[in-house]
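Trainee: Here it is, the structure in full.
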């Protein structure tokens, strides 16, 4: 079996464990964590097109599973997703051409790695800052009940910036599933921009696509999450086709990652019912900052010809992910046990 | 293992579609399989955790 998939048992097991951790993050935070897969493959020595192509195919598989779940809850706007398809396809094509062009110049790994250092650091800083700000709010308010009530109440609201963008009626105007209207240019622009990021970095792009649908196209938050996942499915499929045509997708890696992530995502989404996100968000932010450092070390290992830096960066990337995953699971187990203790007195 | 190795001699587009089909089947099987497992052993697992 392992010979067929082209991986050693050790590497296959490692990818299952890594996929499990990515799945827990996806289920818990609603973000794929796929932006950890490409750097991990780059650090393990996979060429950039293989790392990106395999990561995008993994994103496709994960998005299929997630979309099936959100479809059941009626949170997917298929019309909007369909309209975004052309933009996504063009964006991914441009992104992949950029990668293959850089590969010819021999600088693909360096440029993609550099982009990841910046991206992971930026998202990590945002998460850490947000977690620290929330902590301050909690201290000031005593508890988070007011904030929770506000966010619950605003779930179906469209942000002011989206309303303003919708007010510019640039034809052709499209009617979305919930009756709201948006310009086809806005929808295509969002699809193209996210597709470019996806095709260039091999990420699902959910961390960009979901806010873009919510703030730019203007849908409810629930529809933005569901439609973003459907968009991930389409961008993953287009990316898998684009990179698959070049024969650079490693099915063994994708299969092992999916085996782990499908289970991890179920556990991660189950944990959201028990674990307060604020308790672990700061760890997630710090993990992303460490991942940024890990990719930078991986780049430095190539430039300085110091293989030891490669090992350190891999341990840093996997170790920090393992730590945060353990924190989520630990808090989950504690919450389930506390629930039992508090049940008789309730 | 790549799409080219999966279907030797196939055109690049067919090989790419084969990869997508394999992943689609894998994802559907995992969704159903893990869903079945969750329904079967989920309650027992939670019960065990509460008893620890």
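Residue numbers (our numbering), protein chains in the order written: chain A, -13 to 332; chain B, 80 to 131.
Even glycine gets a Cβ: it sits at the ideal position worked out from N, Cα and C.
Does any residue of chain B bring its CB to less than 8 Å from the CB of residue 235 of chain A?
Mentor: Output row for residue 235 of chain A: interface = yes.
Trainee: Contact between the segment 29 to 44 of chain A and the segment 222 to 241 of chain A: three or more CB pairs below 8 Å?
Mentor: Touching, per the Cβ criterion.
Trainee: Here's the rule: buried if 16 or more other CB atoms are within 10 angstroms of the residue's CB, otherwise exposed. What is residue 98 of chain B?
Mentor: Buried is the call here.
Trainee: Assuming the contact rule is C-beta atoms closer than 8 Å, residue 307 of chain A and residue 296 of chain A should be a hit. Round their C-beta distance to whole Å, please.
Mentor: Residue 307 of chain A to residue 296 of chain A, Cβ: 17 Å. No contact.
Trainee: Starting from residue 166 of chain A, trace the alpha helix (DSSP H) in both directions and tell me its first and last residue.
Mentor: Here residue 166 of chain A belongs to no alpha helix (DSSP H), and DSSP marks it neither H nor E.
Trainee: If we cut at 8 Å on Cβ distances, does residue 109 of chain B have a partner in chain A?
Mentor: Output row for residue 109 of chain B: interface = yes.
Trainee: If you measure from the beta carbon of residue 100 of chain B to each beta carbon in chain A, is any gap under 8 Å?
Mentor: Closer than 8 Å: no.
Trainee: Comparing alpha-carbon positions, which option in A:51, A:200, A:258 and A:6 lies nearest residue 23 of chain A?
Mentor: Among A:51, A:200, A:258 and A:6, the Cα nearest to that of residue 23 of chain A is on A:6.
Trainee: Does the CB of residue -8 of chain A have a neighbour CB from chain B at under 8 Å?
Mentor: By this cut-off, residue -8 of chain A is an interface position.
Trainee: First and last residue of the alpha helix (DSSP H) that includes residue 52 of chain A?
Mentor: 34 to 58 is the extent of the alpha helix (DSSP H) around residue 52 of chain A.
Trainee: What residues in its chain sit with their C-beta under 8 Å from that of residue 130 of chain B, if we drop five residues either side in the sequence?
Mentor: So the list is empty, once near-sequence residues are dropped.
Trainee: So which residues on chain B does residue 231 of chain A lean against when the C-beta distance must stay under 7 Å?
Mentor: Those within 7 Å of residue 231 of chain A in chain B are 91, 92 and 95.
Trainee: Write down the C-beta distance between residue 114 of chain A and residue 247 of chain A rounded to the nearest angstrom, noting that I regard them as a contact closer than 8 Å.
Mentor: 24 Å between Cβ atoms; not a contact.
Trainee: Just to confirm my understanding: we take residue 129 of chain A, look at its own chain, exclude 5 residues before and 5 after, and list those with CB closer than 7 Å. What are they?
Mentor: Note that residue 129 of chain A scores a pLDDT of 47, beneath 50, so its modelled location is shaky and nothing firm can be said.
Trainee: Could you name the residues of the same chain whose beta carbon sits closer than 7 Å to that of residue 50 of chain A, not counting the 5 residues immediately before and after it, in chain order?
Mentor: Answer for residue 50 of chain A: 219, listed in chain order.
Trainee: I need the straight-line Cα distance from residue 63 of chain A to residue 207 of chain A, nearest angstrom please.
Mentor: Their Cα atoms are separated by approximately 12 Å.
Trainee: Measuring alpha carbon to alpha carbon, tell me which of A:92, A:173, A:29 and A:103 ends up nearest residue 299 of chain A.
Mentor: Of the listed residues, the one whose Cα sits closest to residue 299 of chain A is A:29.
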